[in-house]
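Residue numbers are given in our numbering: position 8 of the sequence shown equals residue -11, and the series is strictly consecutive. A virtual CB, placed ideally from N, CA and C, is assigned to each residue, including glycine. The structure presented is a predicted model; accordingly, all values stated were derived computationally and were not measured.
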Amino acid sequence: MLKIQSIQASLNQIDETKLLDGEEIHSCLKSANNSFRAALKAGFPQKKQTKR
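The following block contains the structure:
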């Protein structure tokens, strides 16, 4: 999650006119950050053990 935030901070320092699809990149990173946070809040599911 920190790497996503680091990338977002770095992109904020770049002139938007010099980035191709800058808005799309920001949107993708925001979505990835939100998804990752939601997954962490949900916790890690326990693996079901199968009988052999």
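What is the C-beta distance between residue i and residue j, in whole angstroms, given that I count them as a contact (C-beta under 8 Å)?
{"i": "I(-15)", "j": "F17", "result": "7 Å"}
Could you check where the alpha helix (DSSP H) with residue i kicks off and where it finishes?
{"i": "Q(-11)", "result": "L(-17) to N(-7)"}
{"i": "K22", "result": "G3 to A23"}
Excluding the five sequence neighbours on either side, which residues of its own chain have a C-beta within less than 8 Å of the C-beta of residue i, listed in chain order?
{"i": "M(-18)", "result": "N14, F17, R18 and L21"}
{"i": "Q(-11)", "result": "H7, L10, K11 and N14"}
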